[in-house]
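S.K.:
Residue numbers (UniProt numbering): 1 to 198.
#1: Pick from 81, 110, 50: whose alpha carbon is nearest that of residue 97?
#2: If you check the beta carbons only, do residue 190 and residue 137 fall under 8 angstroms apart?
#3: Around the C-beta of residue 42, are 16 or more other C-beta atoms found within 10 angstroms, so that it is buried, or is it exposed?
#4: What are the boundary residues of the alpha helix (DSSP H) that includes residue 68?
#5: DSSP on residue 190, reduced to helix/strand/coil?
#6: Comparing alpha-carbon positions, which option in 162, 143, 55, 167 lies nearest residue 100?
#7: Which first and last residues belong to the alpha helix (DSSP H) in which residue 141 is found?
#8: Identify, in the order they occur along the chain, each residue of the same chain with its Cβ nearer than 7 angstroms to the Cβ of residue 199, setting aside the five sequence neighbours on each side.
#9: Please identify the residue among 12, 178, 120, 109 whose C-alpha is closest to the C-alpha of residue 34.
Listed below in structure tokens is the structure:
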């Protein structure tokens, strides 16, 4: 008796667009970054493109696990006087990437601080606004309030209010409603925020 999978008749799939399939297999994928897209050369392999830009294809090979045995062998050769010849400067220059400005620009992009996308939910904001209007920064009084449904501790109130104040998009709306100055410290005193046992 024959094995079913081997015996199974091969069928030609007419619904598959082979031209598009081959194009998909050969393509290196879409490059989303506009700067890299301009420098990318389609005729070259991805590996050579990366090499010329000074980027790594495989970080495991680029920053390999240190081979201590090889380092010790080099050291013993140096001590015994079997010093290897130094690489000439011309060869070192040829090792430098052709499109080296890519690395610099990518580093600058990484250094730029991205805007925080953190936003508090509407319900939490309304909850905090109620407590701020009633008690300002008196966290202990907030804890005792009947509308503290979530049973937040005074430290939780403090952290949530600080978080709310750190989101200008939401906090500035509140300040404008109350006719309070924007980008200035609020003139409200903070009560019992430093010690739990007061």
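Here a beta-carbon is modelled for each residue, glycine too, at the ideal position from N, C-alpha and C.
M.R.: Considering the structure as presented:
#1: Along the chain shown, one-based indexing puts residue 97 at 97. Here the closest residue by C-alpha is 50.
#2: The residue you call residue 190 lines up with position 190 of the chain shown. The residue you call residue 137 lines up with position 137 of the chain shown. Less than 8 angstroms divides the Cβ of residue 190 from the Cβ of residue 137.
#3: For the purposes of this step, residue 42 is taken as the residue at position 42 of the chain shown. Exposed, by the Cβ-count rule.
#4: On the chain shown, residue 68 is found 68 positions in, with the first residue counted as 1. Run containing residue 68: 68 to 80, per the alpha helix (DSSP H) assignment.
#5: Here the question's residue 190 lines up with position 190 in the chain shown. Strand.
#6: Along the chain shown, read from residue 1 onward, the residue named residue 100 stands at position 100. The shortest C-alpha separation from residue 100 is found at 55.
#7: Within the chain shown, residue 141 is the residue found at index 141, counting from 1. Segment 139 to 144, the alpha helix (DSSP H) holding residue 141.
#8: Outside the displayed span of the chain (1 to 198) sits residue 199, for which this structure offers no information.
#9: Translated into the one-based positions of the chain shown, residue 34 becomes position 34. Of the listed residues, the one whose Cα sits closest to residue 34 is 109.
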